[in-house]
Amino acid sequence: MVNRVGRERNPAIDQRVLEAAGRHLALYGYEAMSLAAVAEEARTTRQALYRRWRNKAELAAAVVAEMPDLADMAETADPFGDLVDELTDFQRGVSHKGRLSLVGTMLQDTTDPEVRAHYRARVIAPRRARLRAILERGVGLGLLDADADLDVALTMCTGAWYGRALAGEAVPPNWPERTARLVWRALGGQPPEPGTPAA
């Protein structure tokens, strides 16, 4: 973001605008998000927005860029346990208010391609990379089949949550571990018994 008029920026305004825009993007989608409404909620003016972001696409991309991207989780001697931990973190993140609506926004044809690209790079790609690394370690350790279909498994890991949400079903008890067990078995692995410590 560039200060186009040379005046000193007020970080408090920046933060209020990003928070308001994030709520509007999640609740109404990209197409219906109004910069005037965002400015009003952020207690500022549209002129102040345009001094910071040239247009709605640039503001929406800034919202996505502000989303937390957790550092890679430390690898352990238990890739199955790491898979459960990663899915637990996914559940925690996708359960935040408005997050599923934001996912829907990114699937709309009317969403600016630059915004969608930012979302994929900031949110989707890192998660998929971490999940693939865990499953590849399982293959490398001989815990999963050498020819395991990791591409489909990646979609199974997170797709199971979205399918449940679209069906309007309640979150199954212990969803991360149950999903990890299903995926692990589908890839030829034998998950440890519940409560069994890592080797």
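Numbered per the working numbering, the sequence shown spans residues 949 to 1147.
The beta carbon of each residue, even a glycine, is placed where N, CA and C say it ideally should be.
Is the beta carbon of residue i sitting closer than 8 Å to the one on residue j?
i     : j     : result
P1142 : L1091 : no
A1162 : A969  : This structure cannot speak to residue 1162, because the chain is shown only from 949 to 1147.
D1033 : E1023 : no
L983  : L997  : yes
G1137 : G1088 : no
L1079 : L1102 : yes
P1139 : W1132 : yes
L1050 : A1128 : no
V986  : V965  : yes
R1000 : D1060 : no
A990  : V1063 : no
M1015 : V1071 : yes
A1108 : L1048 : no
R971  : G1046 : yes
Look up residue i in the DSSP assignment and say whether it is helix, strand or coil.
i     : result
A1010 : helix
E1141 : coil
V950  : Low per-residue confidence applies at V950: pLDDT is 45, beneath 50, and the placement is therefore not dependable enough to give any value.
T1059 : coil
R991  : coil
K1045 : coil
V965  : helix
A1025 : coil
P959  : helix
D1099 : helix
R1080 : helix
L1089 : coil
R1002 : coil
M1104 : helix
A985  : helix
G1111 : helix
V1119 : coil
M1015 : coil
L997  : helix
L1050 : helix
Legend entry - Sufficient close CB pairs (3 or more, under 8 Å) joining the region 1035-1050 to the region 1091-1102: no
Inset, instruction - Decide yes or no for the touch test of the region 984-996 against the region 1054-1068: beta carbon pairs closer than 8 Å, at least 3 of them. - result: no
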